[in-house]
Amino acid sequence: MTTLSSPVKITATDAPDQPVQTPELAALYQRFEAELLVPLWTEIGELMPPMPSSNALPHRWQWKQLLPMAEQAGHLVPIGRGGERRAIALANPGLGGRPFATPTLWAAIQYLNPREDAPVHRHTQNAFRFVVEGEGVWTVVNGDPVAMRRGDFLPQAGWNWHGHHNISDGPMAWIDGLDIPFQHYTDSTFFEFGPDEVDTRDAPDRSRAERLWGHPGLRPLTHLTPTPATPLLAYRWEHTDRALSEQLALEAEGYPATTEPGHAAVRYTNPTTGGDVLPTVRTEFHRLAPDTRTSTQREVGSSVYQVFDGAGEITVGSVRWTVERGDLIAVPSWHAMSLATDTGMDLFRFSDTPIFERLHLDRVVREGAVT
Ligand code: GTQ
Ligand code: FE2
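In terms of UniProt numbering, the sequence shown is residues 1 to 371.
Structure follows, in structure tokens:
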């Protein structure tokens, strides 16, 4: 006869303030384990820390490492039904090898060969694409083809049909961000296959979404009802770039426009609400003027930065990296984080903050500028 060993192991008996270890206590703990019970007094230190104490670690992935590997995957790995995407996920070193950049966020480099399709599907996960270099791919969202080019931010809210097609003669890579880990841990994921082929039609320069929604401050009267995610499917680089350079120019002219000296920043927003573009993911773009050091910030929730242009230093907790174009950094919850640059640096950022704001668990602390 085989007995299944209990998955419960009461191990934290070295925790502070534990009862005297007697044979009777050991026997009681064995009965707890057999009945799948765990006492709070052995666990409280880990489960109720005085402040967030993430298993995730600060980490940097270098674009100059990622891109050649994605290229190699482009040669070796066809895109099949079921696998769906040639996407290679960042796996945080503190999260046991799972393909999770942080406890809530997925970040991946995706690669599409010339003329290749990433077939149509839909899922409850909220997604976006951000393009650090290249062009030639159209992402088709509910039949609306949207061009992807350097600097463009392309949100795709959950449950919308989407596929990608490369109409060009060259390959293209970009990054995907999704709330896959969050939906995985909360058992809230649904997924459906769509057609194998992606219909880009005439691959228009402007999507229907941009023609309807892409006019600053102008709301179509046919669409006055707020939607939980943005109906605008592309936020173009020319607008982001201009917004940031105008903030720095206004600051130089003596008008308050930057979050702190030399630090311009914008948030991508849903034009029907003014809130975040996706229900679970916040996305922003930050520009540091040359010779800028930001203040240090800690915040509940995790984020991922991608350097878009320039170079500098990112400090997360006790780790400091020199970063350059394309590099990605994972910032776990409540880790002190700051940016610095001598020559100027542009960064794209995404985080899970909307989840915590919705649940009133959000907290931010800012400290003085680092020297
Ligand atoms: O392009 O639809 O990196 O569904 C992960 C899941 C990309 C996508 C990812 C996805 C996609
Ligand atoms: Fe997808």
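From the three backbone atoms N, C-alpha and C, an ideal C-beta is built for every residue, glycine too.
- Report the residue from V8, G143 and F128 whose alpha carbon sits nearest the alpha carbon of V198. Scanning V8, G143 and F128 for the CA closest to the CA of V198 turns up G143.
- Item | Among E116, P204 and P99, nearest to I180 - alpha-carbon criterion | Among E116, P204 and P99, the Cα nearest to that of I180 is on P99.
- Task: Tell me whether A108 counts as near the ligand FAD, meaning its Cβ is closer than 7 Å to at least one heavy atom of that ligand.
- Result: Summarising the ligand content, the structure contains the ligand GTQ and the ligand FE2 and does not contain the ligand FAD.
- Message: Tell me which residues share the same chain as F356 and place their Cβ nearer than 6 Å to its Cβ, disregarding the 5 neighbours each side in the sequence.
- Response: Taken in chain order, the residues that qualify are V300, G301 and D362.
- Message: Quick check on this structure: which residue in L339, G310 and P332 has the alpha carbon closest to the alpha carbon of R320?
- Response: The candidate whose alpha carbon is nearest that of R320 is L339.
- DSSP three-state call for T371: helix, strand or coil? Confidence at T371 is low in this model, with a pLDDT of 40, below 50, so its placement is unreliable and the value that follows should be read with caution. Three-state DSSP puts T371 in coil, outside helix and strand.
- CB-CB under 6 Å to E135, same chain, minus the five flanking residues each way: which ones, in chain order? Excluding sequence neighbours, E135 sits near R149.
- Item | Alpha carbon of P231 to alpha carbon of W106, nearest angstrom | So the two alpha carbons sit approximately 22 Å from each other.
- Item | In chain order, each beta strand (DSSP E) run of at least 3 residues that lies wholly inside the segment 317 to 355 | The qualifying runs are 319 to 324, 328 to 331, 337 to 341 and 345 to 351.
- Item | Nearest neighbour of T322, chosen from M48, T11, L37 and Q62 [CA to CA] | Taking only the C-alpha atoms, the option nearest T322 is Q62.
- Burial state of R206 (16 or more Cβ within 10 Å): Here R206 is exposed: its Cβ has fewer than 16 other Cβ atoms, across all protein chains shown, within 10 Å.
- Reduced DSSP secondary structure (H/G/I, E/B, other) of H59: Strand, per DSSP.
- Task: Could you pull out every residue in the same chain whose Cβ sits closer than 7 Å to the Cβ of T280, ignoring the five residues on either side in sequence?
- Result: Correct list, in chain order: N126, D179, F182, D352, P354 and I355.
- Across which residues does DSSP place L178 in a beta bridge pair? Answer is W106 and A127, bridged to L178.
- Message: Using only CA atoms, which one of L218, P220, D196 and A87 lies nearest to A173?
- Response: When only C-alpha atoms are compared, the closest one is A87.
- Can you find a heavy atom of the ligand GTQ that lies under 7 Å from the Cβ of E35? Because no heavy atom of the ligand GTQ lies under 7 Å away, the Cβ of E35 does not count as near it: no.
- Any non-hydrogen atom of the ligand FE2 closer than 7 Å to H239 Cβ: Remark: the shortest separation between the CB of H239 and any heavy atom of the ligand FE2 does not fall under 7 Å.
- Task: Leaving aside the five residues before and after H165 along the sequence, list all residues of the same chain whose C-beta is less than 6 Å from its C-beta, in chain order.
- Result: Within the same chain, H165 has close Cβ partners D117, W138, V198 and T200.
- Message: For the beta strand (DSSP E) containing H360, name the first residue and the last one.
- Response: DSSP places H360 outside any beta strand (DSSP E), giving it a letter other than H or E.
- Message: Assuming E35 is part of the alpha helix (DSSP H), what are its boundary residues?
- Response: Careful: E35 lies outside any alpha helix (DSSP H) and carries neither H nor E.
- Query: Between E197 and the ligand GTQ, is the CB less than 7 Å from at least one heavy atom?
  - Reply: No, Cβ of E197 sits at least 7 Å from all heavy atoms of the ligand GTQ.
- Taking the beta strand (DSSP E) that W237 falls in, what are its first and last residues? No beta strand (DSSP E) contains W237, which is instead part of the alpha helix (DSSP H) from W237 to A252.
- Task: Check whether the Cβ atoms of A289 and L233 lie closer than 8 Å to each other.
- Result: Not closer than 8 Å, so no.
- Say the cut is 7 Å; is the CB of A336 nearer than that to a heavy atom of the ligand FE2? Distances between the C-beta of A336 and the heavy atoms of the ligand FE2 are all 7 Å or more.
- With contact counted as at least three CB pairs below 8 Å, one residue from each stretch, are the segment 268 to 279 and the segment 15 to 33 in contact? Contact between the segment 268 to 279 and the segment 15 to 33 is absent, because fewer than three Cβ pairs lie under 8 Å.
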